[in-house]
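Counting along the sequence shown from 1, when you hit position 227 you're at 249 in this note's numbering, and nothing is skipped either side.
What follows is a short report on a single structure.
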Amino acid sequence: MTEMNRHSDAPIGVFDSGLGGLTVMREIMRTLPEENIIYFGDTARVPYGSKSRDTIIHYVEQILHFMQEKEVKAIVVACGTASAYALEAVRHKVKVPILGVVRPGVRAASAATKNGRIGVIGTEASVKSGLYESLLHGINPELSVVSRACPLFVPLVEEGLWHDEITTLAAKRYLSELKEKDVDTLIMGCTHYPLLAGTIREVMGEGVNLVNIGVETAQVLKRILNEQGITKKTTDAPAVYRFYSSDAPEKLCRFGESALQMEIPEAARISIEEY
Ligand code: DGL
């Protein structure tokens with residue numbers, strides 16, 4: 023892959039398997055309100071969580087080609103699954119800073135826990151990767167980590183059932199073991215899950231720290247842009263946000279309006295298979 027645009031007014035590329043990465047974009051918009059952002063949701067191929075490692079890497083490589091065409095100055099893999107499986111495999115192929123959501127989430131959780139018991143919820147693939155556990159144990163081998171895949175959460179989010187009794191029922195079933203094990207910190211290890219934070223909080227109780235991996239990721243991104251001297255210079259020009267998806271762009275607009283609390287007049291459909 024050739025050199026991407028390092029111009030400081032170039033956009034930041036943010037992508038996810040679907041719409042959940044918008045929760046990360048929301049945090050980036052809060053933390054870096056002047057930055058231009060390009061969002062891509064691979065809505066034709068979501069979910070990634072049930073796919074193999076090789077397939078996920080192939081999808082991510084195609085998305086990086088798309089981001090290269092858009093001349094982004096930095097890339098955020100706003101997907102827990104793609105971060106766990108593909109980030110290290112593709113890092114050497116891009117010439118701009120690239121970061122995922124797993125490591126920032128792990129650091130936030132290890133700093134937040136008081137009783138040393140941390141829960142991790144994510145897609146089947148993320149949980150199977152064991153990456154959260156191994157990174158947490160790398161920071162502190164004494165931590166007790168309980169992980170649980172919550173495969174229904176992504177479709178529930180994509181269906182817009184953010185506050186619904188079906189979602190509460192699923193959450194009760196998925197989270198019961200984590201409650202029993204008395205975790206005081208829960209990593210929402212999939213970027214779709216912050217949209218279910220209300221339900222997750224209700225089931226887990228007020229005393230549990232819910233870690234939104236996007237919040238910490240936005241802070242890390244801010245630091246990297248500063249360190250590399252590529253924060254946006256023309257701060258008097260309002261930020262421009264552009265949205266792309268591999269299917270049903272109108273759904274991205276509708277969903278994005280609720281997730282980002284802003285109007286999204288248009289999103290473009292691209293044929294990601296051609297990249
Ligand atoms: N937002 C993705 C993640 O963070 C959803 C995974 C999926 O596509 O299954 O893992």
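Ideal Cβ placement from N, Cα and C applies to all residues, glycine included.
With C-beta atoms as the reference, is residue i less than 8 Å away from residue j?
i, j, result
"isoleucine 188", "alanine 96", "no"
"alanine 193", "threonine 221", "yes"
"valine 176", "glycine 42", "yes"
"lysine 273", "threonine 77", "no"
"glutamate 57", "proline 126", "no"
"alanine 111", "threonine 207", "no"
"valine 179", "tyrosine 154", "no"
"valine 123", "threonine 213", "yes"
"isoleucine 59", "proline 33", "yes"
"phenylalanine 88", "isoleucine 286", "no"
"isoleucine 235", "isoleucine 252", "no"
"leucine 15", "isoleucine 143", "This structure gives no information on residue 15, because the portion of the chain shown stretches from 23 to 297."
May I ask you to report which of helix, strand or coil DSSP gives residue i?
i, result
"alanine 106", "helix"
"threonine 207", "strand"
"serine 267", "strand"
"glycine 42", "coil"
"leucine 157", "helix"
"valine 98", "strand"
"glycine 152", "coil"
"isoleucine 59", "strand"
"arginine 125", "helix"
"serine 280", "helix"
"leucine 232", "strand"
"valine 36", "strand"
"arginine 3", "This structure leaves residue 3 out entirely; the chain is present only between 23 and 297."
"alanine 290", "strand"
"tyrosine 70", "coil"
Taking its Cβ as the centre, do 16 or more other Cβ atoms sit within 10 Å of residue i, making it buried, or is it exposed?
i, result
"threonine 256", "exposed"
"proline 163", "exposed"
"cysteine 229", "The sequence given here has glycine at residue 229, not cysteine. That one is exposed."
"glutamate 136", "Glutamate is not the amino acid found at residue 136; the sequence shown has lysine there. So lysine 136 ends up on the exposed side."
"lysine 73", "buried"
"arginine 52", "exposed"
"alanine 259", "exposed"
"arginine 195", "exposed"
"alanine 290", "exposed"
"aspartate 38", "buried"
"leucine 197", "buried"
"serine 169", "buried"
"valine 262", "exposed"
"asparagine 248", "exposed"
"isoleucine 161", "exposed"
"leucine 200", "buried"
Does the Cβ of residue i lie closer than 7 Å to at least one heavy atom of the ligand SAM?
i, result
"tyrosine 70", "What this structure holds is the ligand DGL, not the ligand SAM."
Where does the unbroken beta strand (DSSP E) through residue i begin, and where does it stop?
i, result
"valine 116", "No beta strand (DSSP E) holds valine 116; DSSP gives it neither H nor E."
"arginine 139", "139 to 144"
Looking at the unbroken alpha helix (DSSP H) that takes in residue i, where does it start and where does it end?
i, result
"isoleucine 198", "Here the sequence assigns serine to residue 198, which means isoleucine is not the residue at that position. Where serine 198 is concerned, the enclosing alpha helix (DSSP H) stretches over 187 to 202."
"asparagine 248", "235 to 249"
"arginine 75", "75 to 91"
"alanine 171", "Premise fails: alanine 171 lies in the beta strand (DSSP E), 166 to 171, not in any alpha helix (DSSP H)."
"glutamate 224", "219 to 226"
"proline 177", "175 to 180"
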